[in-house]
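A quick write-up on the structure given underneath.
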Amino acid sequence: MLANLDRKKFLELLNNLGDDDKEKVLAAAQDLHAQVVVAGISWEDLLVPDTEEKKSDATNEAEEEQTGLPTESDSDSKELSEEERQEALLLIKKISELNVSDETIKDMEDYKIEIEDEDGIFESMDLHYLRSFYKRLTS
Numbered sequence: 030m031l032a033n034l035d036r037k038k039f040l041e042l043l044n045n046l047g048d049d050d051k052e053k054v055l056a057a058a059q060d061l062h063a064q065v066v067v068a069g070i071s072w073e074d075l076l077v078p079d080t081e082e083k084k085s086d087a088t089n090e091a092e093e094e095q096t097g098l099p100t101e102s103d104s105d106s107k108e109l110s111e112e113e114r115q116e117a118l119l120l121i122k123k124i125s126e127l128n129v130s131d132e133t134i135k136d137m138e139d140y141k142i143e144i145e146d147e148d149g150i151f152e153s154m155d156l157h158y159l160r161s162f163y164k165r166l167t168s
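Under our numbering, the first residue of the sequence shown carries the number 30, and numbering increases by one thereafter.
Shown next, in the form of structure tokens:
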């Protein structure tokens, strides 16, 4: 479930990080992280684009494709088993029941739609995200 970042919304959330209301700050941080993960980018990519490093990564990926070795994106984009789909739906339910922002609840609803849609694009990387997100919220 790759999505483009909404720059205006992203900047608004960044501005909320300085708010005196700790709940608002936490919700903004969680939403920012969720948007970055869903967009399929890292904070390093977002904040410090290093063209030389990207060229090196592209070269390594091309070599892996030639040798037949799996790339990181191969495992992240694999289709989920029925058991994994059920785990994802359970995590979505649990996360939605926690004290999370409306934006996070909307993201969870979007994930659920993707999982239930036969043509949906909910993938392994999305399940990994849900696992780690739930773990962070409950620790």
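Beta carbons are placed, not taken as given, at the ideal position from N, Cα and C, and that holds for glycine.
| Query | Result |
| --- | --- |
| I121, enclosing alpha helix (DSSP H) - first and last residue | E111 to E126 |
| Validate contact between the stretch 38-47 and the stretch 134-148 using beta carbons, cut 8 Å, 3 pairs | no |
| E126 versus T133: straight-line alpha-carbon distance, rounded | 11 Å |
| contact_flag[the stretch 33-42, the stretch 108-116] where n(CB pairs < 8 Å) is 3 or more | no |
| CA nearest to the CA of L120, picked from G149, D131 and E138 | E138 |
| Distance CB(S130)-CB(Q59) smaller than 8 Å | yes |
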